[in-house]
Amino acid sequence: MVKDLKRLKSVERPANILAIEEARAHGDLSENAEYSAAKEKQSFLEGKIIELEDKIARAQIIDISKICEEKIVFGAKIKLMDLDIGTEVSYQIVGDTESDISKGKISISSPIAKALIGKHVGDEVTINVPKGKREFEVLDIVYS
Numbered sequence: 062m063v064k065d066l067k068r069l070k071s072v073e074r075p076a077n078i079l080a081i082e083e084a085r086a087h088g089d090l091s092e093n094a095e096y097s098a099a100k101e102k103q104s105f106l107e108g109k110i111i112e113l114e115d116k117i118a119r120a121q122i123i124d125i126s127k128i129c130e131e132k133i134v135f136g137a138k139i140k141l142m143d144l145d146i147g148t149e150v151s152y153q154i155v156g157d158t159e160s161d162i163s164k165g166k167i168s169i170s171s172p173i174a175k176a177l178i179g180k181h182v183g184d185e186v187t188i189n190v191p192k193g194k195r196e197f198e199v200l201d202i203v204y205s
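Reading the sequence shown from the start, the letters are residues 62 to 205 in our numbering.
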């Protein structure tokens, strides 16, 4: 996030300012598509900068050595048994911007993560998934 913010401020924003200046030099702004596009991009960039600055300001570093490894919290890698179909699935609970279900990374704000937070190995949990309610058993919790 910090790299993205730095790039937006030091590369994207200055390039956009130049694009606005060039478009403004073409004359009548009311019918200037280049100017309108550059101003729209400026609005997007400034919104993204504000969003990243806010996320960085609210970010907290979590010391995994101080986490109780007996229950599921943010950062946990969890192995579950789908009791309905008898297969194992694995997830890691991550931040909203890191989630990628294809890599088994689920957002802390997802329904699955919300249902798992605070559970222990051996607990059974009902999770609402797109196909309905599913029963899972927590097989393992790992922090790394």
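A virtual CB, placed ideally from N, CA and C, is assigned to each residue, including glycine. The structure displayed is predicted, hence computed values, not measured ones.
Do the CB positions of residue i and residue j come within less than 8 Å of each other?
i: Asp-184; j: Ser-168; result: no
i: Ala-84; j: Asn-93; result: yes
i: Lys-138; j: Val-155; result: no
i: Lys-180; j: Lys-132; result: yes
i: Ile-146; j: Val-63; result: no
i: Leu-113; j: Arg-74; result: no
Could you pull the DSSP bridge partners for residue i from this structure?
i: Phe-197; result: Asp-143 and Val-186
i: Ser-168; result: Val-155
i: Ile-202; result: Ile-139
Return the CA-CA distance between residue i and residue j, expressed in angstroms with no decimal places.
i: Asp-143; j: Ile-111; result: 41 Å
i: Ala-186; j: Phe-197; result: According to the sequence as given, residue 186 is Val; it is not Ala. Rounded to the nearest angstrom, the two C-alpha atoms are 5 Å apart.
i: Val-134; j: Ala-120; result: 16 Å
i: Val-150; j: Ile-122; result: 27 Å
i: Ile-173; j: Ile-202; result: 15 Å
i: Tyr-204; j: Gly-136; result: 7 Å
Write down every uninterrupted run of the alpha helix (DSSP H) in the stretch 63–99 whose length is 4 residues or greater and which is fully enclosed by it, in chain order. 63–68 and 74–85
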